[in-house]
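The structure appears right after this line, and notes come after that.
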Amino acid sequence: MATRRAPPRLFASPPATAGRPKLARSGRLAAGLVAATALACAALPQEQAHGRGAVCREDAAPAAGLSALADGVNQERPRARENDPLRVAVAANFRAAFDSVSQAYPQKLAAAFGSSGLLHAQIVQGRPFDLFLSADSARPQALLDAGLAFAPVTYAVGRLVLLVNTGQPGPDWLAAKRRVAIANPDAAPYGRAAAEVLAAQPAPARRVTAMNVAQAFHFARSGAVDGAFVAYAQVRAEDVPAERYWLVPASLHRPIEQVAVAIRGGDEAGAKAFLAFLGAPPAQTRIHAAGYLANTGP
0 MATRRAPPRL FASPPATAGR PKLARSGRLA AGLVAATALA CAALPQEQAH
50 GRGAVCREDA APAAGLSALA DGVNQERPRA RENDPLRVAV AANFRAAFDS
100 VSQAYPQKLA AAFGSSGLLH AQIVQGRPFD LFLSADSARP QALLDAGLAF
150 APVTYAVGRL VLLVNTGQPG PDWLAAKRRV AIANPDAAPY GRAAAEVLAA
200 QPAPARRVTA MNVAQAFHFA RSGAVDGAFV AYAQVRAEDV PAERYWLVPA
250 SLHRPIEQVA VAIRGGDEAG AKAFLAFLGA PPAQTRIHAA GYLANTGP
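Per numbering that gives the first Met the number 0, the very first residue in the sequence shown carries number 0; after that it's consecutive.
Have a look at this one:
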């Protein structure tokens, strides 16, 4: 019997903000939080930020105080101290691009990476962040509606790819009923887009649900599945050969507009400065080079 070979490695300027009111926690938001928090993984120790544009990496994990939030208790979000790194919640798909962008930014950055749904839940729960870089527009809008955020900026438009270990990637590959990993559609916008693509197939592949696109990519790279729907930026970052992935036509799923917002009660001035930087040509050039469509709109 032949031994199976392991697969190869794969803007507008933000508006001014009024005051910093205390943050009302509503029972309606808490109900959504309970479901999102069920997806959380355990926290890893955060590295200390250092140097120009340094990034402290940390896997996303739930913060304490869920019961207080569910009761609708008003709490003050912890404020950043002077000279603290800017605290940024970043969608997992944007990790490589964020690393690139951060190198050009003069302030220290402390980033937590995870699915957009999980990070949104943590912000609602009160975990201290200054910025939220989501992989969609819906969750930032929910924070805006709740009065927890301001200054929305569309910083990138994502592109979905089907990454495969063997065979020719494309619709015919999916019809062969292979095992394909996708990020959780309820928590990750790239998972939602992948689910829309799969739903349109006459004989969809067998779906394996990952927590986020980073885990979906890992499932494919490790050989645990036959392929995975991931972000184009991920295959670019890993130098995956072009014959191993299919760039999914944008017409097959809703747009993946990635929106960033500043979080009220944190370092609001620092957050607005970073949002302005994200929309400027130097950062947009890096974002486009990482595999995203740059934001060219107002």
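Here a beta-carbon is modelled for each residue, glycine too, at the ideal position from N, C-alpha and C.
Item, Value
"Just to confirm my understanding: we take Val87, look at its own chain, exclude 5 residues before and 5 after, and list those with CB closer than 6 Å. What are they?", "Leu108, Ala110, Leu130"
"So, is Gly264 buried or exposed, given that buried needs 16 or more other C-beta atoms within 10 angstroms?", "buried"
"Excluding the 5 residues preceding and the 5 following Gln106 in the sequence, name in chain order all residues of the same chain whose CB lies nearer than 6 Å to its CB.", "Leu85"
"So, for Asp144: in the same chain, excluding its five sequence neighbours on each side, which residues have a beta-carbon less than 7 Å away from its beta-carbon?", "none"
"In this structure, does DSSP put Gln102 in helix, strand or coil?", "helix"
"Whole-angstrom Cβ separation of Gln233 and Tyr154, contact assumed at under 8 Å?", "Actually they do not touch by this definition, with Cβ atoms about 17 Å apart."
"Candidates Arg191, Val152, Asp171, Val196: which alpha carbon is nearest Ala275's?", "Val152"
"Which residue comes first and which comes last in the alpha helix (DSSP H) that contains Gln140?", "137-144"
"Give every residue of the same chain whose Cβ lies closer than 7 Å to the Cβ of Val247, excluding the five residues on either side of it in the sequence, and list them in chain order.", "Leu159, Val160, Leu161, Val196"
"Please report the straight-line C-alpha distance between Ile181 and Pro188, rounded to a whole angstrom.", "10 Å"
"Determine whether the beta carbon atoms of Asp135 and Ser114 lie at a separation below 8 Å.", "no"
"Anyone know if the C-beta pair for Arg177 and Ala204 falls short of 8 Å?", "yes"
"Please say whether Val207 and Val224 have beta carbons closer to each other than 8 Å?", "yes"
"Check Phe128 in the structure and name its three-state DSSP category.", "coil"
"In or out: Pro281 buried (at least 16 other Cβ within 10 Å) or exposed?", "exposed"
"Out of Ala230, Ser133, Pro201, which one is the CA nearest neighbour of Ala215?", "Ala230"
"Residues bridged to Gln283 by DSSP?", "Gln283 pairs with nothing; no bridge assigned."
"Go through its chain and collect everything with a Cβ distance to Arg94's Cβ below 6 Å, but skip five positions before and after it.", "Phe112"
"Please state the DSSP three-state secondary structure of Pro151.", "strand"
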